[in-house]
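Trainee: Numbering (the working numbering), first residue to last: 445 to 591.
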Amino acid sequence: MVHVKSLKVKLLRDWSCMKKFIWHDEAGDDYFRLLDYVAVFAGSAMILMALTAYFAKCYFWCWVISSFQEVNELIALNIMQLITAIPHPAEHHLKYIELRTMLMIMMIRTQSSAQFSCGGLSIISVELFGNLLNVSYSVITFLLNII
């Protein structure tokens with residue numbers, strides 16, 4: 445019995461704290477401000493999750509493109525080492541020239557094919573993602589200072 449009485453006292457104390465979240469409109473209907481706060485929080489949480497997903501996706505693609513560039517640099521380096529390691533016998537001079545030319549063309553293609561640009565303005569990389577975060581933070585800070 446004492447437990448039920450203490451529960452009633454606790455509920456009454458909690459209800460008295462909740463009274464400040466109640467307001468009356470002209471029609472006399474009761475609305476909870478708490479529901480308004482929950483709705484604002486839920487909307488803010490959804491916006492935050494959407495922004496987090498957007499920035500995670502941007503970071504992922506910047507990382508993938510940066511890894512493509514690193515792999516292409518390694519391929520070009522290996523091709524260069526292969527070109528210098530090929531023996532040059534006189535009886536196979538024509539095949540040596542053909543192989544070296546083909547490897548040089550592949551090396552040139554690997555060096556120039558890893559350039560992904562964003563609207564032709566800048567090359568996409570992890571550094572560009574860092575710049576995107578800095579600009580986003582600056583804009584949000586500016587907007588919050590205006591409000």
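Every residue, glycine too, gets a C-beta built ideally from N, C-alpha and C.
With a threshold of 16 other CB atoms inside 10 Å of the CB of S561, please say whether the residue is buried or exposed.
Mentor: exposed
Trainee: Measure the CB-CB distance between S569 and S511 and report whether it falls below 7 angstroms.
Mentor: no
Trainee: Three-state secondary structure (DSSP) at I523?
Mentor: helix
Trainee: Under 8 angstroms, with one C-beta from each stretch per pair, do the region 545 to 559 and the region 518 to 527 reach the 3-pair mark?
Mentor: yes
Trainee: Quick check on the DSSP output: the alpha helix (DSSP H) that includes Q559 runs from which residue to which?
Mentor: It is not in any alpha helix (DSSP H) - Q559 carries neither H nor E in the DSSP assignment.
Trainee: What do you get for F573, buried or exposed, if any count of 16 or more other CB atoms within 10 angstroms of its CB means buried?
Mentor: buried
Trainee: Counting only the same chain and skipping the five closest in sequence on each side, list residues whose C-beta sits under 7 angstroms from that of L547.
Mentor: I523, L526 and I527
Trainee: Just the C-alpha distance for F504 and A489, rounded to the nearest angstrom, thanks.
Mentor: 22 angstroms
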